[in-house]
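Step one of this worksheet: look at the structure below.
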Amino acid sequence: MSELLSEASLDQLFRHARTFNAWLPKEVSDEQLQQIYELAKFGPTSANSSPARVVFVKSRAAKAKLEPFLSDGNRAKTMEAPVTAIVATDHAFYEKLPKLFPHADARSWFVGNQPLIDTTAFRNATLQGAYLLLAARAVGLDCGPMSGFDNAGVDAAFFAGTSIKSNFLISIGYGDASRNLFARSPRLGFDEACTIA
């Protein structure tokens, strides 16, 4: 049986974690990005499908490629962030199922069934993006997840000629709590959002 995480850990992952809009001028290393993925990859997906693909936009050239496709409200904060992850979905994920789910012919469940491919890919890659966010927080980094960009433009710039489509972005770094950090918005209470059946 797993043990409950410490209060400090729960605060870091959930209760005190925030969506940051400003960043300290502190680098995020390639090793840290690898560490984030090495944790996030263990989050569950259906049939271990693992359809998320991530581009960590870090270099000046990659940021310049991303910038034209950001909404006006997201441009400055994204360019300031040390790294922005493009969380994307591989709609040909099932081609890797012989490796990822070897105890059944899971590839055959998807071939030719585009609605099932699309639903499975989107759902599970979105889950993996959330795991990535929590993994970044777990290793001491802050995050700024966002929509607000031109998906088609990002797909053409970063995924042309592939079966991969962008889903959402997560800026990653060391958040600057002294700038543009909004008061925490309310959340729904258990009785408003949940039932026990």
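Residue numbers (full-length UniProt numbering): 1 to 197.
Heads up, the beta-carbon is just placed ideally off N, CA and C, and yes, glycines get one too.
Residue from the options with nearest C-alpha to residue i
{"i": "aspartate 150", "options": "Lys77, Arg15 and Lys165", "result": "Lys165"}
{"i": "asparagine 180", "options": "Thr89, Gly144 and Ser49", "result": "Gly144"}
{"i": "leucine 24", "options": "Ser6, Asp105, Gln32 and Asp142", "result": "Asp142"}
{"i": "arginine 123", "options": "Lys26, Ala47, Glu31 and Ser2", "result": "Ala47"}
{"i": "aspartate 30", "options": "Ile196, Ile172, Arg184 and Thr195", "result": "Ile172"}
{"i": "glycine 73", "options": "Ile117, Ala62 and Ala22", "result": "Ala22"}
Bridge-paired residues (DSSP) for residue i
{"i": "arginine 53", "result": "Ala88"}
{"i": "isoleucine 172", "result": "Val83 and Cys143"}
{"i": "isoleucine 164", "result": "Asp90"}
{"i": "arginine 149", "result": "Looking at the sequence itself, residue 149 is phenylalanine, so the reference to arginine does not match. Paired residues: Leu70."}
Beta-carbon proximity check, residue i vs residue j, cutoff 8 Å
{"i": "leucine 13", "j": "alanine 138", "result": "yes"}
{"i": "glycine 175", "j": "arginine 75", "result": "no"}
{"i": "threonine 89", "j": "alanine 52", "result": "yes"}
Checklist entry - Are the region 125 to 143 and the region 81 to 101 touching, with three or more C-beta to C-beta distances below 8 Å? => result yes
Next on the checklist: Across the region 54 to 72 and the region 93 to 106, are there enough close Cβ pairs to call them in contact, namely three or more that are closer than 8 Å?
Outcome noted: no
Next on the checklist: When you compare the region 36 to 46 with the region 156 to 163, are there three or more beta-carbon pairs, one atom per stretch, that lie closer than 8 Å?
Outcome noted: no
Item to check | Any 3 or more C-beta pairs closer than 8 Å across the region 17 to 37 and the region 111 to 119 | outcome: no
Checklist entry - Whole beta strand (DSSP E) runs in the region 9 to 77 with 3 or more residues, listed along the chain? => result 52 to 57
Item to check | Uninterrupted alpha helix (DSSP H) stretches inside the region 89 to 142 (no shorter than 4 residues) | outcome: 97 to 100, 107 to 110 and 114 to 138
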